[in-house]
Amino acid sequence: MATTLADDLRPLHHPRSWLTKYVWSQDHKVIAIQYSVTAILIGVVALILSALMRLQLGFPGLFPSIQPDNYLQFVSMHGMIMVVYLLTALLLGGFGNYLIPLMVGARDMVFPFVNMLSYWLYLLSVIVLVAGFFVPGGPTGAGWTLYPPQAITEGTPGHQWGIATMLVSLAIFVAAFTMGGLNYVTTVLQARTKGMTLMRMPLSVWGIFTASIMGLLAFPALFVAAIMMLFDHFAGTSFFMPTMQSMGRITPTEGGSPLLFQHLFWFFGHPEVYIVALPAFGIVSDLISVHARRNIFGYRMMVWAIVIIGALSFVVWAHHMYVSGMNPYFGFFFATSTLIIAIPTAIKVYNWLLTLWRGNIHMRVPMLFAIAFIFTFIHGGLSGLFLGNVSVDVPLSDTFFVVAHFHMVMGVSPVLVIFGAIYHWYPKIFGRMWNETLGKLHFWITFLGVYAIFLPMHYLGILGVPRRYYALGETAFIPESVHLANEWITIAALIVFAAQGLFFFNMIWSLFRGPRADPNPWGAASLEWLTPQTPPAHGNWGPHLPVVYRWAYDYSVPGAARDFIPQTEPRA
Amino acid sequence: MSLTTPDKRDREIITPALRDIVSDWSADREVFRHTHWGKAMMWIFLLSDTFIFSCFLTGYMTMRMSASTPWPNTAEVFALTIGGQSIPLVLIAIMTFVLISSSGTMAMAVNFGYRRDRRKTAVLMLLTAIFGAAFLGMQAFEWTKLIHEGVRPWSNPMGAPQFGASFFMITGFHGLHVSCGVILLLIIASKVARGHYDRTGDYSAVEIAGLYWHFVDLVWVFIFAFFYLW
Chain A
1 MATTLADDLR PLHHPRSWLT KYVWSQDHKV IAIQYSVTAI LIGVVALILS
51 ALMRLQLGFP GLFPSIQPDN YLQFVSMHGM IMVVYLLTAL LLGGFGNYLI
101 PLMVGARDMV FPFVNMLSYW LYLLSVIVLV AGFFVPGGPT GAGWTLYPPQ
151 AITEGTPGHQ WGIATMLVSL AIFVAAFTMG GLNYVTTVLQ ARTKGMTLMR
201 MPLSVWGIFT ASIMGLLAFP ALFVAAIMML FDHFAGTSFF MPTMQSMGRI
251 TPTEGGSPLL FQHLFWFFGH PEVYIVALPA FGIVSDLISV HARRNIFGYR
301 MMVWAIVIIG ALSFVVWAHH MYVSGMNPYF GFFFATSTLI IAIPTAIKVY
351 NWLLTLWRGN IHMRVPMLFA IAFIFTFIHG GLSGLFLGNV SVDVPLSDTF
401 FVVAHFHMVM GVSPVLVIFG AIYHWYPKIF GRMWNETLGK LHFWITFLGV
451 YAIFLPMHYL GILGVPRRYY ALGETAFIPE SVHLANEWIT IAALIVFAAQ
501 GLFFFNMIWS LFRGPRADPN PWGAASLEWL TPQTPPAHGN WGPHLPVVYR
551 WAYDYSVPGA ARDFIPQTEP RA
Chain B
1 MSLTTPDKRD REIITPALRD IVSDWSADRE VFRHTHWGKA MMWIFLLSDT
51 FIFSCFLTGY MTMRMSASTP WPNTAEVFAL TIGGQSIPLV LIAIMTFVLI
101 SSSGTMAMAV NFGYRRDRRK TAVLMLLTAI FGAAFLGMQA FEWTKLIHEG
151 VRPWSNPMGA PQFGASFFMI TGFHGLHVSC GVILLLIIAS KVARGHYDRT
201 GDYSAVEIAG LYWHFVDLVW VFIFAFFYLW
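Protein chains in written order, with UniProt numbering: chain A, 1 to 572; chain B, 1 to 230.
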């Protein structure tokens with residue numbers, strides 16, 4: 001019943017005009033590109049904000065237009081945009097949309113109209129977010145965590161309108177994500193092609209699938225927190241607001257619990273880390289396997305590690321709250337669960353390394369980014385061990401060590417994978433090849449640059465330099481070397497910032513002038529490279545769906561004619 | 001999965017059931033065999049929505065336990081004076097009864113939908129929608145009563161201000177779900193009545209709407225227990 005439905009071209013929404021083909025499109029590939037372009041554009045805004053922050057930190061006082069209020073607003077908007085509007089939207093809305101139907105052999109998502117709606121709501125959430133820059137008082141400066149009571153109390157930048165646009169935008173984003181996420185999960189569960197079992201899916205799909213389920217369960221907490229804070233802000237309720245003295249007056253609020261917000265926020269916030277990380281884990285597994293011409297080591301273990309990490313990430317949230325004043329016994333539980341999550345994560349890292357072991361490694365640009373990811377991820381993972389332990393975390397809390405840690409592990413690492421993935425799938429998406437030299441130049445500057453930026457931050461953190469400070473000024477415990485390091489970091493950051501121009505130039509120039517790409521330039525075995533047209537046409541597969549006979553990782557099989565066997569090739 | 005000491009029941013019931021689950025999940029194409037895509041998607045959506053209501057209710061419980069002023073006595077707050085006699089929880093009992101009855105009529109509608117009985121399905125769905133609308137009407141009455149007594153989201157003459165805040169927020173959010181459900185039921189019912197599903201030969205939409213409706217009822221049971229009975 002449903003299978004014939006999956007192979008039926010009639011229910012697909014066939015575009016009749018330019019507008020329905022490229023704008024109000026229900027084709028998952030067009031929606032994926034719309035999602036990706038929007039996410040990357042808003043990501044560039046966040047990148048510019050980070051450059052402005054670095055200018056202030058590296059050369060305090062040199063830029064009089066950056067006031068303390070502006071600095072806090074840059075920090076807050078940079079964090080929220082990068083985590084939610086760039087990484088989540090790009091990995092799930094962008095790559096999820098593009099790859100899931102192609103990799104499982106479906107013609108489209110199960111509900112293309114809902115999928116389209118998901119993008120337009122996402123765009124609306126971005127517009128509301130950007131509106132925050134133009135409301136009176138500017139965007140919120142409460143930090144990306146938006147902790148009440150300070151987020152909506154006088155004295156915090158944007159406490160009047162900035163916070164409202166932020167919360168409304170987040171609520172819209174959750175609705176948009178839910179529409180997309182339901183599609184991704186249902187498509188993986190119910191619309192695979194003949195022969196495509198769950199355990200034959202590429203790990204990219206596994207990562208995106210698990211992350212989508214997690215998103216559907218974690219975003220509700222953010223949604224509820226946003227609604228409750230909007231009530232506190234506009235209806236004068238006291239969900240999160242205790243009795244306080246603000247600006248010399250006692251506030252009318254009483255009896256609310258600021259800690260409740262932190263619990264709700266991090267019940268979303270920690271799974272969010274893995275909502276970003278799991279698709280990256282999956283994609284990087286595929287990149288490594290394809291470019292090392294070797295089957296992924298321990299496929300089943302990799303799948304179960306993804307699932308177990310997803311499940312465990314729901315019981316570790318309060319490790320973000322060791323210094324919040326919660327019951328200290330919680331720290332014991334959450335430190336333990338946090339350290340347990342290192343086991344499946346380490347399994348994944350070992351398996352990536354073992355996939356490379358004795359592989360026929362092609363150092364092409366996507367592979368460079370994939371290997372760089374292993375470096376930065378191990379690096380960020382190890383500093384996570386410090387922060388996961390209560391007694392070590394307490395002195396490091398709210399220092400640059402934390403900034404260095406989460407940028408390494410969930411900022412730089414997924415972004416490197418995203419770059420690798422864009423270079424990897426670009427020939428399929430646009431049918432053109434990018435420039436190898438520019439790609440390598442982009443890679444080396446970015447990779448060495450992020451180390452130049454974030455390694456010194458660990459040192460700053462151990463010295464006790466606090467994060468989110470506008471300027472350090474004359475402070476007794478801060479030596480001269482800190483200022484020197486800050487200048488160095490800023491210069492490195494500006495170079496990395498400028499180097500992204502190479503990427504954008506390469507991508508846009510190649511779109512028009514790049515040489516025509518081979519349908520399967522990397523010799524990959526998974527389904528998306530086997531479409532009859534490149535780029536894939538509407539409906540993806542021509543008259544009949546492909547039939548799958550094997551997993552996606554048959555590389556360098558002894559005795560085979562080529563060094564890869566496509567998934568559609570029957571077993572001998 | 002091998003069970004080391006299988007007794008008769010294990011062999012006959014549990015093991016085949018496990019085997020079926022394993023074979024479903026290791027099959028190609030679909031995990032839930034012969035399941036309408038919309039039905040699978042509705043189940044997943046309801047799982048997500050469960051988390052929204054769980055967060056609301058957990059938040060409410062936390063606030064109630066940590067409120068600095070005493071919580072009002074719900075038996076008195078939700079009492080109606082009928083014939084000079086104050087009867088606790090009477091309105092809410094009727095509301096709950098109406099909503100649960102609507103689940104019954106919905107279940108019957110789904111049953112008749114499977115039998116392709118166009119008229120009975122449409123009538124029963126309409127009846128369900130009327131029950132839902134009656135529930136909303138009574139909720140509006142309850143809100144009005146509390147507002148007249150001075151309960152506001154930001155204050156509450158009977159005690160903790162969080163009482164008013166969480167009451168309006170949680171019952172309001174649930175009422176929004178019921179309203180959406182009533183609209184959904186009316187749309188589907190009119191499509192049933194016009195014979196739309198007879199032409200497509202697929203009455204799944206009735207069952208999918210039913211899933212949503214039962215969920216909204218189930219959530220109400222929890223709100224009733226945690227808000228009115230506690």
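In this text, a Cβ means the ideal position worked out from N, Cα and C, and glycines have one as well.
Rounded C-alpha distance that separates residue i from residue j
i                      : j        : result
A/ILE341               : A/ASN520 : 37 Å
A/PRO101               : A/PHE113 : 15 Å
A/GLY331               : A/GLY523 : 49 Å
A/THR140               : A/ILE163 : 5 Å
A/ALA51                : A/THR490 : 8 Å
A/PHE333               : A/SER324 : 15 Å
B/ILE14                : A/PHE297 : 34 Å
A/LEU99                : B/VAL182 : 37 Å
residue 598 of chain A : A/MET302 : Any property of residue 598 of chain A remains undetermined from this structure, which presents chain A solely from 1 to 572.
A/ARG571               : A/TYR553 : 14 Å
B/PHE45                : B/TRP25  : 20 Å
A/LEU339               : A/LEU353 : 21 Å
B/GLU30                : A/TYR274 : 26 Å
B/ARG19                : A/ILE213 : 25 Å
A/MET326               : B/MET65  : 15 Å
B/ALA205               : B/TRP213 : 12 Å
A/GLY388               : A/ALA335 : 6 Å
B/MET125               : B/ILE188 : 8 Å
A/THR4                 : A/GLY439 : Only weak support is given to the placement of A/THR4: the predicted model assigns it a pLDDT of 44, under 50, and the question is left unresolved by the model.
Residues of its chain near residue i, where Cβ-Cβ distance is below 8 Å and the 5 sequence neighbours each way are ignored
i        : result
A/ARG468 : LEU72, VAL75, GLY143, ASP398
A/MET229 : LEU146, PRO148, ALA151, ILE152, ILE163, LEU167, PHE239, PHE240, PHE261
A/LEU385 : LEU339, ALA342
Per-residue contacts from residue i into chain A (C-beta, under 8 Å)
i        : result
B/GLY59  : VAL224, MET228, PHE239, LEU260, LEU264
B/VAL31  : LEU189, GLN190, LEU198
B/PRO153 : PHE231, ALA235, GLY236, THR237
B/SER26  : THR197, LEU198, MET199
B/PHE167 : Those do not exist, as B/PHE167 stays about 11 Å from chain A at its closest Cβ, beyond 8 Å.
Sheet register partners of residue i (DSSP bridge)
i        : result
B/ILE87  : B/LEU80
A/TYR555 : A/PHE564
A/SER204 : Paired residue(s): none; A/SER204 is not in a bridge.
A/ILE489 : For A/ILE489, which the question treats as bridged, DSSP gives no partner whatsoever.
A/PRO466 : A/THR399
A/GLN160 : DSSP lists no partner for A/GLN160.
Close beta carbons around residue i, own chain, < 6 Å, minus the five adjacent residues each side
i        : result
A/VAL315 : SER337
A/TYR350 : none
A/HIS456 : For the record, residue 456 of chain A in the displayed sequence is Pro; it is not His. Closer than 6 Å at Cβ, skipping near neighbours: ALA485, ILE489.
A/GLY96  : TYR184, ILE208
A/GLY180 : GLY93, SER118
Cβ-heavy atom distance, residue i to the ligand PLP, below 7 Å
i        : result
A/PHE173 : Among the ligands in the structure shown, none appear at all, so the ligand PLP cannot be discussed.
Chain-order list of residues whose beta-carbon lies under 7 Å from that of residue i (same chain, five-residue window excluded)
i        : result
A/ARG364 : HIS291
A/ALA2   : In this prediction, A/ALA2 has a pLDDT of 44, which is less than 50 and means its spatial position is unreliable; what the coordinates show is noted afterwards. For A/ALA2, where only same-chain residues beyond five positions count, the Cβ hits under 7 Å are GLN190.
A/LEU441 : LEU502
A/LEU57  : ASN486, THR490
Listed by chain order, chain B residues near residue i by CB distance under 8 Å
i        : result
A/GLU254 : SER68, THR69, PRO161
A/GLY461 : The premise fails here: A/GLY461 is roughly 33 Å from chain B at the closest Cβ pair, so nothing lies under 8 Å.
Chain B contact residues for residue i, given Cβ-Cβ distances below 7 Å
i        : result
A/THR220 : This sequence places Pro at residue 220 of chain A; Thr is not what is there. Near A/PRO220 (Cβ distances below 7 Å), the residues of chain B are SER48, PHE51, ILE52, CYS55.
A/VAL273 : Those within 7 Å of A/VAL273 in chain B number zero; the least Cβ separation is about 18 Å.
Touching by the beta-carbon criterion (3+ pairs, under 8 Å), the region 144-151 of chain A and the region 254-273 of chain A:
yes
Would the region 241-260 of chain A and the region 180-188 of chain A be scored as touching if the rule is three or more Cβ pairs under 8 Å?
no
Per the contact definition of three or more C-beta pairs closer than 8 Å, is the region 123-143 of chain B in contact with the region 200-207 of chain A?
Too few Cβ pairs lie closer than 8 Å, so no.
So, does the region 109-117 of chain B touch the region 86-98 of chain B, judging by three or more C-beta pairs under 8 Å?
no
Count Cβ pairs between the region 125-138 of chain A and the region 169-176 of chain A that sit closer than 8 Å; are there 3 or more?
Yes, the region 125-138 of chain A touches the region 169-176 of chain A.
Are three or more beta carbon pairs between the region 448-465 of chain A and the region 394-411 of chain A nearer than 8 Å?
yes
For the structure I just gave you, are there three or more beta carbon pairs, one from the region 401-413 of chain A and one from the region 473-483 of chain A, closer than 8 Å?
When C-beta atoms of the region 401-413 of chain A are compared with those of the region 473-483 of chain A, fewer than three pairs fall below 8 Å, so the two segments do not count as touching.
Across the region 40-60 of chain B and the region 215-229 of chain A, are there enough close Cβ pairs to call them in contact, namely three or more that are closer than 8 Å?
yes
Are at least three pairs of beta-carbons, each pair with one atom in the region 170-184 of chain B and one in the region 72-80 of chain B, less than 8 Å apart?
no
Where the region 415-443 of chain A meets chain C: residues whose CB sits under 7 Å from a CB there
Absence of chain C from the displayed structure is noted, the protein chains being A and B.
Stretch-stretch touch, CB-based, cutoff 8 Å, three pairs: the region 186-201 of chain B with the region 148-168 of chain B
Taking 8 Å as the limit for Cβ pairs, the verdict is that the region 148-168 of chain B does not touch the region 186-201 of chain B.
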